[in-house]
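**Q**
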Amino acid sequence: MNKISIIDYKAGNAPSVMHAVARLGHEAVFARAPEDIDGATRIILPGVGSAGATMQSLREMGMINALEDAVLRKKTLFLGICVGLQVLFEHSDEGDADCLGWLGGGVVRFDGSKVRVPQMGWNQVNFIRQAPVNAQKDHFYFVNSYHAKPEDESVVWGTADYNGAFTAAIHKDNIYATQFHAEKSGEAGLSLLNGFLNLNGGE
Numbered sequence: 421m422n423k424i425s426i427i428d429y430k431a432g433n434a435p436s437v438m439h440a441v442a443r444l445g446h447e448a449v450f451a452r453a454p455e456d457i458d459g460a461t462r463i464i465l466p467g468v469g470s471a472g473a474t475m476q477s478l479r480e481m482g483m484i485n486a487l488e489d490a491v492l493r494k495k496t497l498f499l500g501i502c503v504g505l506q507v508l509f510e511h512s513d514e515g516d517a518d519c520l521g522w523l524g525g526g527v528v529r530f531d532g533s534k535v536r537v538p539q540m541g542w543n544q545v546n547f548i549r550q551a552p553v554n555a556q557k558d559h560f561y562f563v564n565s566y567h568a569k570p571e572d573e574s575v576v577w578g579t580a581d582y583n584g585a586f587t588a589a590i591h592k593d594n595i596y597a598t599q600f601h602a603e604k605s606g607e608a609g610l611s612l613l614n615g616f617l618n619l620n621g622g623e
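Residue 421 in the working numbering is what sits at position 1 of the sequence shown, and the numbering runs on without skipping anything.
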């Protein structure tokens, strides 16, 4: 039986993700302490605001070691959303923040001299390689001033264009993450989220 844990912290948007999960017919729990992800088969880390504030919240909750144990060692399926993608990398230029470091690379700001920052609204995502979650080229909803630059290009699952291509989605093993807000992206976003929730373990 699936146990879906949605990490709920001060700066997150966990309630909107919970609403989307429920709309898809799944039950989930809010995770506000390490024991709330014990036995989870799916973990979702939503995010709004800054990488530094997100990391501080995770530290205050005592959640970082528990997440590493669940995701890196036990290979629990994981989905990061927006800042939940950015904190997977080693460092974010936003507030000069050290992040989880599960993936090599960093997070940089869009060039405000060339585009409006933050990017806010719908943008087309091209999924450039196959993943166990089936995702199709479509428009998804973004609110971001920063974007990830992975060291390993093979983790890039989807890209979008905003004064040049940027990482819009990543996938590595049991780890999935989207820079866009799947829970606010209409049918395309719900389809991707449902695909993640219906994965059969492993990858």
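Don't be surprised by glycine CBs; every beta carbon is placed ideally from N, CA and C. This one's a predicted model, so the numbers in the text were calculated from it and none came from an experiment.
Give me, in chain order, the residues of the same chain whose beta-carbon lies closer than 6 Å to that of Ile-484; leave out the 5 immediate sequence neighbours on both sides.
**A** Leu-478
**Q** Just curious, the beta strand (DSSP E) that Asn-594 is in, first and last residue?
**A** Taken as a continuous stretch (DSSP letters only), Asn-594 belongs to no beta strand (DSSP E), as it is neither H nor E.
**Q** In angstroms, rounded to a whole number, what distance separates the CA positions of Arg-493 and Glu-510?
**A** 18 Å
**Q** May I ask which residues mark the beginning and end of the beta strand (DSSP E) holding Lys-523?
**A** Here residue 523 is Leu; the residue named in the question, Lys, does not match the sequence. Where Leu-523 is concerned, there is no enclosing beta strand (DSSP E), given that its DSSP letter is neither H nor E.
**Q** Report the CB separation of Leu-612 from Ala-602 in whole angstroms; it is logged as a contact under 8 Å.
**A** 5 Å
**Q** Please state whether DSSP places Gln-556 in a helix, a strand or coil.
**A** Reduced to three states, the DSSP call for Gln-556 is coil.
**Q** Quick check: the segment 561 to 580 against the segment 539 to 550, are there 3 or more CB pairs under 8 Å?
**A** yes
**Q** Please report how far the alpha carbon of Leu-499 lies from the alpha carbon of Ile-595, in whole angstroms.
**A** When rounded, the distance between both Cα atoms is 6 Å.
**Q** What would DSSP say about Ala-490, mapped onto helix, strand or coil?
**A** It is helical.
**Q** Since Ala-580 sits in a beta bridge, which residues does DSSP pair it with?
**A** Phe-586
**Q** Should Val-545 and Ala-585 be called a contact, given that it needs their Cβ atoms to be closer than 8 Å?
**A** no
**Q** Whole-angstrom Cβ separation of Val-535 and Asn-583, contact assumed at under 8 Å?
**A** 5 Å
**Q** In the DSSP assignment, the beta strand (DSSP E) including Arg-462 goes from what residue to what residue?
**A** 462 to 465
**Q** Output yes or no for whether 8 Å exceeds the beta carbon distance between Ile-464 and Ala-490.
**A** no
**Q** Exposed or buried, what is Ala-486 when buried is set at 16 or more other beta-carbons lying within 10 Å of its beta-carbon?
**A** buried
**Q** In angstroms with no decimal places, state the Cα-to-Cα distance between Gly-622 and Ile-424.
**A** Low local confidence applies: a pLDDT of 43 at Gly-622 is under 50, so the model's placement there is unreliable, with the coordinate-based value given in what follows. Their backbone Cα atoms lie some 15 Å apart in a straight line.
**Q** Should Lys-557 be labelled buried (16 or more other beta-carbon atoms within 10 Å of its own) or exposed?
**A** exposed
**Q** Which residue comes first and which comes last in the alpha helix (DSSP H) that contains Pro-435?
**A** 434 to 443
**Q** Classify Asn-618 as buried or exposed, calling it buried when 16 or more other Cβ atoms lie within 10 Å of its own Cβ.
**A** exposed
**Q** Rounded to the nearest angstrom, what separates Gly-525 and Pro-570 at their Cα positions?
**A** 4 Å
**Q** Taking the alpha carbon of Glu-447 as the reference point, which residue from Thr-461, Ala-588, Ala-453 has its own alpha carbon closest?
**A** Thr-461
**Q** Count the other CB atoms, across all protein chains shown, that sit within 10 Å of the CB of Gly-521; report buried if there are 16 or more and exposed otherwise.
**A** exposed
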